[in-house]
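Protein chains: 4
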Amino acid sequence: MPRVVVDVMLKPEILDPQGQAVARALPSLGVDRVRAVRIGKHVEIDFDGAADLDQAREIADRLLANPVIEDFTVRVE
Amino acid sequence: MPRVVVDVMLKPEILDPQGQAVARALPSLGVDRVRAVRIGKHVEIDFDGAADLDQAREIADRLLANPVIEDFTVRVE
Amino acid sequence: MPRVVVDVMLKPEILDPQGQAVARALPSLGVDRVRAVRIGKHVEIDFDGAADLDQAREIADRLLANPVIEDFTVRVE
Amino acid sequence: MPRVVVDVMLKPEILDPQGQAVARALPSLGVDRVRAVRIGKHVEIDFDGAADLDQAREIADRLLANPVIEDFTVRVE
Numbered sequence: 329m330p331r332v333v334v335d336v337m338l339k340p341e342i343l344d345p346q347g348q349a350v351a352r353a354l355p356s357l358g359v360d361r362v363r364a365v366r367i368g369k370h371v372e373i374d375f376d377g378a379a380d381l382d383q384a385r386e387i388a389d390r391l392l393a394n395p396v397i398e399d400f401t402v403r404v405e
Numbered sequence: 329m330p331r332v333v334v335d336v337m338l339k340p341e342i343l344d345p346q347g348q349a350v351a352r353a354l355p356s357l358g359v360d361r362v363r364a365v366r367i368g369k370h371v372e373i374d375f376d377g378a379a380d381l382d383q384a385r386e387i388a389d390r391l392l393a394n395p396v397i398e399d400f401t402v403r404v405e
Numbered sequence: 329m330p331r332v333v334v335d336v337m338l339k340p341e342i343l344d345p346q347g348q349a350v351a352r353a354l355p356s357l358g359v360d361r362v363r364a365v366r367i368g369k370h371v372e373i374d375f376d377g378a379a380d381l382d383q384a385r386e387i388a389d390r391l392l393a394n395p396v397i398e399d400f401t402v403r404v405e
Numbered sequence: 329m330p331r332v333v334v335d336v337m338l339k340p341e342i343l344d345p346q347g348q349a350v351a352r353a354l355p356s357l358g359v360d361r362v363r364a365v366r367i368g369k370h371v372e373i374d375f376d377g378a379a380d381l382d383q384a385r386e387i388a389d390r391l392l393a394n395p396v397i398e399d400f401t402v403r404v405e
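Residue numbers (our numbering), protein chains in the order written: chain V, 329 to 405; chain S, 329 to 405; chain C, 329 to 405; chain A, 329 to 405.
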């Protein structure tokens, strides 16, 4: 089935406490070469018929991301 | 900086109410050809030095995903 | 405005990796007396007119929680 | 076990697309008297020994909430 993937991330200048929690937990796993972790949303939209990138962008803009604090990318998979 | 991306999704047989809410909201945007929406996590891990896929897999397995209900993919970006 | 609050948590027997990440990060903050952290959703539903607990329960059951893996509580606030 | 609950919500002036998706899906369930839905995090912190509200506030401030875009409340349960 035609699928569009939307990835939504906080803008780079916005602090991501959830990612920071993971980063700070890494030494307890013996992982010491990670500089940063950021956590966003990965959304899979399955279309009937052809994938529609314009519709996917509108879905992202209205229902998946807050454009003031988040960026998103849209791609056909 | 070397980056590993981990995408975490509920397993296909596990109901995703957050994705269902988006799917059910689409007719109100005039979008009517979407069959399903599923929402997971998109995690970006930035490494100092070379990206380490094995470490990224361990991070995913221990701190990002519950393997009973979720699947994840790991890739260098 | 009449408000109903729905709290959604993973069932106690389901591992919560996001909560574990926070718990494992605590020693780096000097916090050492926390036994467990679990992270769920807190949903505020504002009604026009009287709050409707039955409707809130149906919303939770259909759009907020997956009853196989999550429990929820509903209360008027 | 002594438990502290932290509820984290986007500030009122910040758009919450996840809550909007739920609100827009409600007519499809026959629910028509909901004015708004907002979705945040509900975090349960279990302490060994006495609950420590100051530590819980620090955990919230550092690992659970971004104070630029989110507010949180802390209470003993």
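For every residue, glycine included, the Cβ atom is placed at its ideal position computed from N, Cα and C. Because the structure is a prediction, the values reported are computed rather than measured.
Close to residue 350(S), with beta-carbon spacing below 8 Å, are these residues of chain A in chain order: 349, 353. Looking at the backbone, the Cα of residue 375(S) and that of residue 363(V) are separated by about 5 Å.
By the neighbour-count criterion, in which a residue is buried when 16 or more other Cβ atoms sit within 10 angstroms of its Cβ, residue 347(S) is buried. In terms of Cα proximity to residue 355(V), the closest of 400(S), 334(S), 387(S) is 387(S).
Between residue 352(C) and residue 378(V), the C-beta spacing is not below 8 Å.
For residue 391(S), the closest Cβ of chain C is nearer than 8 Å. For residue 357(S), not one C-beta of chain C is nearer than 8 Å to its own C-beta. If you draw a straight line from the Cα of residue 384(S) to the Cα of residue 405(V), it comes to about 23 Å. For residue 345(A), a Cβ of chain V is located within less than 8 Å of the residue's own Cβ. With its beta carbon at least 8 Å from every one in chain S, residue 399(V) lies outside the interface. When the beta-carbon positions are compared, residue 393(C) and residue 332(C) stay at least 8 Å from each other. Distance from the CA of residue 343(C) to the CA of residue 342(V), rounded to the nearest whole angstrom, comes to 29 Å. Per DSSP, reduced to three states, the secondary structure at residue 373(S) is strand. For residue 333(V), the closest Cβ of chain A is not nearer than 8 Å. At a C-beta separation below 7 Å, residue 373(S) has no neighbours in chain C, since its nearest C-beta there lies roughly 13 Å away. Shortest Cα-Cα distance from residue 358(C) to any of 400(A), 334(A), 391(A) involves 391(A).
Judged by DSSP in its simplified three-state form, residue 364(S) adopts strand. In this structure residue 397(A) does not touch residue 334(A) by the C-beta definition: roughly 16 Å separates them, more than the 8 Å allowed. Straight-line measurement puts the Cα of residue 399(C) at about 13 Å from the Cα of residue 345(S).
Close to residue 362(S), with beta-carbon spacing below 8 Å, are these residues of chain V in chain order: 373, 374, 375, 376, 383, 387. Assignment of beta-bridge partners to residue 341(S) by DSSP yields no partner. In this structure residue 403(A) is exposed. Its beta-carbon is surrounded by fewer than 16 other beta-carbon atoms within 10 angstroms.
Judged by beta-carbon spacing, residue 370(C) lies within the 8 Å limit of residue 369(A), meaning their Cβ atoms are closer than that value. For residue 367(V), the chain S residues whose C-beta falls within less than 7 Å of its own C-beta are 369, 371, listed in chain order.
Between the C-alpha atoms of residue 389(A) and residue 361(S) there is a straight-line separation of about 42 Å.
A direct Cα-Cα distance of roughly 40 Å separates residue 381(A) from residue 401(V).
For residue 403(A), no alpha helix (DSSP H) run applies; the uninterrupted beta strand (DSSP E) run containing it begins and ends at 398-404, by DSSP.
Residue contact with chain V for residue 396(A): present (Cβ-Cβ distance below 8 Å to some residue of chain V).
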